[in-house]
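**Student:** Sequential numbering from 9 applies to the sequence shown in our numbering. One structure coming up, written as structure tokens, with questions to follow.
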Amino acid sequence: MTSRQRDEWTSQVYRVAGGIRRRVLEHTIRNNGGYLSQACSAAEIIATLYLKAMKIGPATVPPVPPPFAGVPGPGNPAYASGAGYNGPQGPEWDRLILSPSQYALVLYAALVELGRMAPEGLAQFNRDGSTVEMIGAEHSPGMELMTGSLGQGISQAAGLAMARKRRGDRGRVFVFMSDGEFQSGQVWEAIQAMAFHRLDNTVIYVDVNGQQCDGLVSQVMNIEPLDKRLKAFGARVIRIDGHDVKALARPAGLKPDGRPLVVLADTDPCRGIELLAGRRPKLHYTRFERETEREAFRSLLDSL
């Protein structure tokens with residue numbers, strides 16, 4: 009690969025990351041609410057996963073999401089998973105599990121930027137009868153599992169990874185997590201089981217932005233030193249700058265060594281939209297209490 013080609017992919021990732029932030033900011037302004045800080049912290053991670061780290065094919069479903077067709081079951085042939093937006097699910101392709109479902113808005117924005125979902129799909133967000141759920145479910149674009157309460161997605165991913173390893177699939181299971189999930193005991197049970205069963209076909213990216221619904225992660229229940237704790241449970245751990253796309257892409261190219269790989273991506277929940285910093289410590293969900301505040305963010309959007 010030439011230096012020009014390397015620059016091209018990094019530029020594309022940064023372009024998509026910027027587009028994710030713009031779309032989520034626009035949505036937040038229009039609807040007076042949105043998970044904006046998550047877009048700020050995770051944009052480069054999500055963009056790197058889709059454009060560089062994961063091996064995925066083109067979307068296999070219509071770009072405009074269909075209406076909700078009911079829950080899965082033998083009596084409902086119309087049901088469709090949202091996984092088709094991530095491409096085919098053959099043995100050679102990677103799979104993506106979004107564990108913190110409140111990041112769904114960020115994922116939808118990424119799918120639009122990547123051309124996997126039409127902009128009209130994002131306009132269906134949280135509407136009655138839509139699959140574009142506010143809290144993503146198994147039928148939502150880009151998702152294939154209902155990951156439930158925080159901390160449950162990694163256990164489901166571990167089951168997928170074990171099945172794929174026993175089948176001899178070449179594709180891996182990627183998991184996107186938030187740092188607050190590591191306050192849940194189920195996460196540590198899953199890590200321990202993955203290490204024991206040598207599920208090195210699992211790659212876990214963690215958005216370590218230090219924020220959760222009730223405030224700072226360090227004040228709600230401190231999880232640091234997270235890297236040392238994960239290593240003690242048998243994981244292979246790499247800690248990086250979560251806004252450096254080359255650093256984000258590098259771990260996914262490492263040769264498996266028998267351990268599940270955890271990439272701790274330290275991020276800034278106000279990156280790219282520094283105006284958010286004035287709302288600290290309330291960053292989990294952005295809602296405007298005054299029209300002047302909304303206008304300030306609208307002016308920022310116009311300048312991006």
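Glycine is no exception: its CB is placed at the ideal position from the N, C-alpha and C atoms.
(1) Report, in whole angstroms, the separation of the C-beta atoms of P149 and G123, which I expect to be a contact under 8 Å.
(2) Alpha carbon to alpha carbon, how far is L113 from N134? Give it in angstroms, no decimals.
(3) If you reduce the DSSP assignment to three classes, tell me which class L286 lands in.
(4) With a threshold of 6 Å on Cβ separation, who are the neighbours of M229 within its own chain once the five nearest residues in sequence on each side are excluded?
(5) What residues are listed by DSSP as bridge partners for I212?
(6) May I have a chain-ordered list of the beta strand (DSSP E) segments no shorter than 3 residues that lie completely inside the stretch 230-271?
(7) Thinking C-beta only, is Y93 closer than 8 Å to M142?
(8) CB D215 to CB A50, shorter than 8 Å?
(9) Rounded to whole angstroms, what's the CA-CA distance from D4 to P108? Just pull it up for me.
(10) Which complete alpha helix (DSSP H) runs does the stretch 70-157 hold, if anything under 4 residues is left out?
(11) Which residue wins for smallest C-alpha separation from P264, given the options P127, A203, D235 and E282?
(12) Less than 8 Å between C-beta atoms, sequence neighbours within five positions excluded: which residues of the same chain meet that for L308?
(13) Within 10 Å of its beta-carbon, does N84 have 16 or more other beta-carbons around it, so buried, or fewer, so exposed?
(14) So if DSSP puts G27 in a beta bridge, which residue, or which two residues, is it bridged to?
(15) Spell out the partners DSSP gives G223 in its beta bridges.
(16) Pick out whichever of Q160, T56 and A255 has its Cα sitting closest to the Cα of E197.
(17) What three-state label does DSSP hand G161 in the structure shown?
(18) With 16 other CB atoms within 10 Å as the buried threshold, where does P233 fall?
(19) Compare the Cα-Cα distances from G98 to each of Y58, K63 and G27 and report the closest residue.
(20) Could you check whether A118 and V24 sit closer than 8 Å to each other, using their CB atoms as the reference points?
(21) Between which two residues does the alpha helix (DSSP H) harbouring C48 extend?
(22) Look up T294 in the DSSP assignment and say whether it is helix, strand or coil.
(23) Could you tell me whether the stretch 205-219 touches the stretch 163-182, where touching means 3 or more Cβ pairs closer than 8 Å?
(24) Measuring CB to CB, does H35 end up less than 8 Å from G90?
(25) Whose C-beta lies closer than 7 Å to the C-beta of G65 among residues of the same chain, with five residues either side of it excluded?
(26) With burial defined as no fewer than 16 other Cβ atoms inside 10 Å of the residue's Cβ, what is the status of E16: buried or exposed?
(27) Would you identify the three-state DSSP class for N40, choosing helix, strand or coil?
(28) Return the residue from the list G286, L104 and G81 that minimises the CA-CA distance to I53.
**Tutor:** Judging by the given coordinates:
(1) Cβ-Cβ separation between P149 and G123: approximately 13 Å, too far for a contact (criterion under 8 Å).
(2) Each residue's alpha carbon lies about 10 Å from the other.
(3) Looking at the sequence itself, residue 286 is Gly, so the reference to Leu does not match. Assigned with DSSP and collapsed to three states, G286 falls in helix.
(4) Excluding residues up to 5 positions away in sequence, Q191 lie with their Cβ nearer than 6 Å to the Cβ of M229 in the same chain.
(5) I212 pairs with V183 and V270.
(6) Fully enclosed beta strand (DSSP E) runs of 3 or longer: 244-249.
(7) No, the Cβ-Cβ distance between M142 and Y93 is not below 8 Å.
(8) By the CB criterion at 8 Å, D215 and A50 fall inside the cutoff.
(9) Any property of residue 4 remains undetermined from this structure, which presents the chain solely from 9 to 312.
(10) Taking only runs of at least 4 residues, the alpha helix (DSSP H) segments lying wholly in the stretch 70-157 are 112-121 and 127-130.
(11) Just measuring C-alpha positions, the residue of P127, A203, D235 and E282 sitting nearest P264 is A203.
(12) Residues L33, I281 and L283 of the same chain have their beta carbon placed closer than 8 Å to that of L308, with the five preceding and five following residues left out of the count.
(13) Classification of N84: exposed, given that the 10 Å Cβ count is below 16.
(14) Beta-bridge pairing by DSSP links G27 to no other residue.
(15) G223 is bridged to Q220.
(16) For the set Q160, T56 and A255, the Cα lying nearest the Cα of E197 is the one of Q160.
(17) Three-state result, G161: helix.
(18) Looking at its Cβ environment, which holds fewer than 16 other Cβ atoms inside 10 Å, P233 is exposed.
(19) Of the candidates Y58, K63 and G27, the one whose C-alpha sits nearest the C-alpha of G98 is K63.
(20) Yes, Cβ-Cβ distance for V24 and A118 is below 8 Å.
(21) Residues L44 to T56.
(22) Correct three-state label for T294: strand.
(23) The stretch 205-219 makes contact with the stretch 163-182; the number of CB pairs closer than 8 Å reaches 3 or more.
(24) Against a cut-off of 8 Å, the Cβ pair of G90 and H35 comes out as no contact.
(25) Excluding sequence neighbours, G65 sits near G95, P96 and W101.
(26) Residue environment analysis places E16 among the exposed positions, since fewer than 16 neighbouring C-beta atoms fall within 10 angstroms of its C-beta.
(27) If DSSP states are grouped into helix, strand and coil, N40 belongs with coil.
(28) The alpha carbon of I53 has as its nearest neighbour, out of G286, L104 and G81, the alpha carbon of L104.
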